[in-house]
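**Student:** Residue numbering for the sequence shown follows my numbering, beginning at 60 and increasing consecutively. Positions of the beta carbon are idealized from the N, C-alpha and C atoms, including for glycine. A quick note: this is a predicted structure, and the numbers were derived from the prediction, not measured.
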Amino acid sequence: MDPTPPPTPVRPVPRLVATDIDGTLLGPDRTLSPYTARVLERISTQGTPVVLVTGRPIRWLQLVYDQLHAPLPAICANGAVVYDPATDEVLRADPLAPELLAEVARRLRAAVPGVSLAVEVVDSRQMRHEAHFPLTWDADPTVIRAIETPEELLAAPAVKLLVRAGVQDPDRFTSVVAEALAGLAEATHSSRSGLVEISASGVTKAAGLAWYCARQGLSARDVLAFGDMPNDVPMLTWAGRAVAVGNAHHAVLAIADEVTAANSEDGVAAYLDRVFGPS
60 MDPTPPPTPV RPVPRLVATD IDGTLLGPDR TLSPYTARVL ERISTQGTPV VLVTGRPIRW
120 LQLVYDQLHA PLPAICANGA VVYDPATDEV LRADPLAPEL LAEVARRLRA AVPGVSLAVE
180 VVDSRQMRHE AHFPLTWDAD PTVIRAIETP EELLAAPAVK LLVRAGVQDP DRFTSVVAEA
240 LAGLAEATHS SRSGLVEISA SGVTKAAGLA WYCARQGLSA RDVLAFGDMP NDVPMLTWAG
300 RAVAVGNAHH AVLAIADEVT AANSEDGVAA YLDRVFGPS
């Protein structure tokens, strides 16, 4: 007779939930379903913190907060900004200094023909861009404007530098940029059109989330994290439990502990219902 198989280990209930926004929490139409909003509210109300960990700037969070029952803490700009919506306070910012920006820009102009740059400044509440940088999102002139001189782009600390050079294969283009900036800055992407996102060396979603968790007395093993794109890989690698949505990039699927349903099927909320019990 075969011996009785060992029992399947029971995983502890996470003490913090961290989730990416676009492509993960939001559906393909970039809206939050009522079901997902209810699940997040229930978990938060029951005492488990939920944190948004995103490449988005602070100024884009309100579009998500308007769909939630209550605003959630956010780690923005791929880990460079930790934001408390209750007080509208930036708890931590880790920008690229002007002298570092200058060297990054110099290397990019040398390595990438036709490069176009933009920076997220004032803790990502504002954006400055070269005149030929294509704006594919909001273009609010009160917070977003084209620079008048090249020096203006590098004048202030930037929590993120954005790089385009026409339509590019995002993985290949990110590799080109990363090679040009090796040892100087972090390069990643979360788009399908060839937009590369650059942060200061060591600044990732993992670093921002680790800092936030340490303030709460939590460690990586306490965290359940969700993501879909390469900029989520550091966070998912760091977290105690990493879950990819079904529509995730192959680099995310390769390192995730588990895969849930796609964002179009409320994969994050469905997984949370299984972990914390249905409402």
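For a test of the three-state rule: what should DSSP assign to G225, helix, strand or coil?
**Tutor:** coil
**Student:** Rounding to the nearest angstrom, what Cα-Cα distance links L150 and S250 in this structure?
**Tutor:** Each residue's alpha carbon lies about 27 Å from the other.
**Student:** If you reduce the DSSP assignment to three classes, tell me which class H309 lands in.
**Tutor:** helix
**Student:** Between D79 and D287, what straight-line distance do the alpha-carbon atoms span, to the nearest angstrom?
**Tutor:** 8 Å
**Student:** State the DSSP-derived secondary structure class of F285, mapped to helix, strand or coil.
**Tutor:** strand
**Student:** DSSP on I314, reduced to helix/strand/coil?
**Tutor:** helix
**Student:** For the beta strand (DSSP E) containing R151, list its first residue and its last residue.
**Tutor:** Segment 148-152, the beta strand (DSSP E) holding R151.
**Student:** Out of D281, A328, A315, D291, state which residue places its alpha-carbon closest to the alpha-carbon of A301.
**Tutor:** A315
**Student:** Please determine, among M294, P289, N290, the residue with the shortest C-alpha to C-alpha distance to S278.
**Tutor:** M294
**Student:** By DSSP, does D143 sit in helix, in strand, or in coil?
**Tutor:** strand
**Student:** Provide the residue span of the beta strand (DSSP E) that contains S258, from first to last.
**Tutor:** 255-259
**Student:** Given a cut-off of 8 Å, decide if T107 and L75 are closer than it, judged by their beta-carbon atoms.
**Tutor:** yes
**Student:** In whole angstroms, give me the CA-to-CA distance for V171 and A224.
**Tutor:** 7 Å
**Student:** Cα separation between T195 and R70?
**Tutor:** 42 Å
**Student:** Could you name the residues of the same chain whose beta carbon sits closer than 8 Å to that of T319, not counting the 5 residues immediately before and after it, in chain order?
**Tutor:** F285, V302, A303, V304, G305, G326, V327, A329, Y330
**Student:** Use the C-beta contact count for A273: other C-beta atoms within 10 angstroms, 16 or more gives buried, fewer gives exposed.
**Tutor:** An exposed status is given to A273, since fewer than 16 other beta-carbon atoms sit within 10 Å of its beta-carbon.
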